[in-house]
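Data first, discussion second: the structure below is written as structure tokens.
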Amino acid sequence: MVSEDMILECLTNSKIPIRLACMSISDWPIVVSLWYTYLNEKVYCATQNTAKVVKYLSKNPKCGFEIAGDSFPYRGVRGYGKASIVENKGEHLSLEEISSRINVSTRTLSKLWSLNECVDQKTIKLCFSAFNLELHSEDYSIVNKANDSETPELSSIAN
295 MVSEDMILEC
305 LTNSKIPIRL
315 ACMSISDWPI
325 VVSLWYTYLN
335 EKVYCATQNT
345 AKVVKYLSKN
355 PKCGFEIAGD
365 SFPYRGVRGY
375 GKASIVENKG
385 EHLSLEEISS
395 RINVSTRTLS
405 KLWSLNECVD
415 QKTIKLCFSA
425 FNLELHSEDY
435 SIVNKANDSE
445 TPELSSIAN
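Next comes the structure, spelled out in structure tokens:
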């Protein structure tokens, strides 16, 4: 049986991006990888305001997600929900928080996001939107920790 503590551990301690699935403007499914944080029972993803995924989720907020590594045994959290776009302004997810979580400097992250190196941290924080995905226990599941079988189990939590 998977415990809520196992799910919270995955959501709060994972050092890999979230994979977010949504529908494009032309109604084709896409998957994007985004940095995220888990705060107050919500997942916040960081991206630039001009990213296509912001447009996609504005048109159709239904989405699915996965936070899981790519090696066996597969472990992680999967779920779905409706995303809402919020202006972050550093309130939910800051560049510094992402930096400390994944052990990559804020300068490197700035370059990765194609931001001007000379932009100060406050300005960088203002560039991000956050997707607020509310998680409800019936909406997500976690793959069990490694077990003796070759096929990992997928379990969901019931309250």
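Per this note's numbering, the very first residue in the sequence shown carries number 295; after that it's consecutive.
The beta carbon of each residue, even a glycine, is placed where N, CA and C say it ideally should be.
- One thing to note: residue 377 has its Cβ no nearer than 9 Å to the Cβ of residue 310.
- Put simply, the backbone Cα of residue 400 is about 30 Å away from that of residue 317.
- The three-state reading of DSSP puts residue 378 in strand, counting E and B together.
- In the structure shown, residue 344 falls within a coil segment according to DSSP collapsed to helix, strand and coil.
- Judged by their CB atoms, residue 379 and residue 340 are not nearer to each other than the 9 Å cut-off.
- Per DSSP, the beta-bridge partners of residue 323 are 317.
- When the Cα atoms are used, residue 370 and residue 304 turn out to be separated by approximately 6 Å.
- According to the DSSP assignment, residue 335 belongs to no beta strand (DSSP E), since it is labelled neither H nor E.
- In terms of CA proximity to residue 394, 330 leads the group 312, 330, 301.
- Counting along the chain, residue 361 sits inside the beta strand (DSSP E) bounded by residues 356-362.
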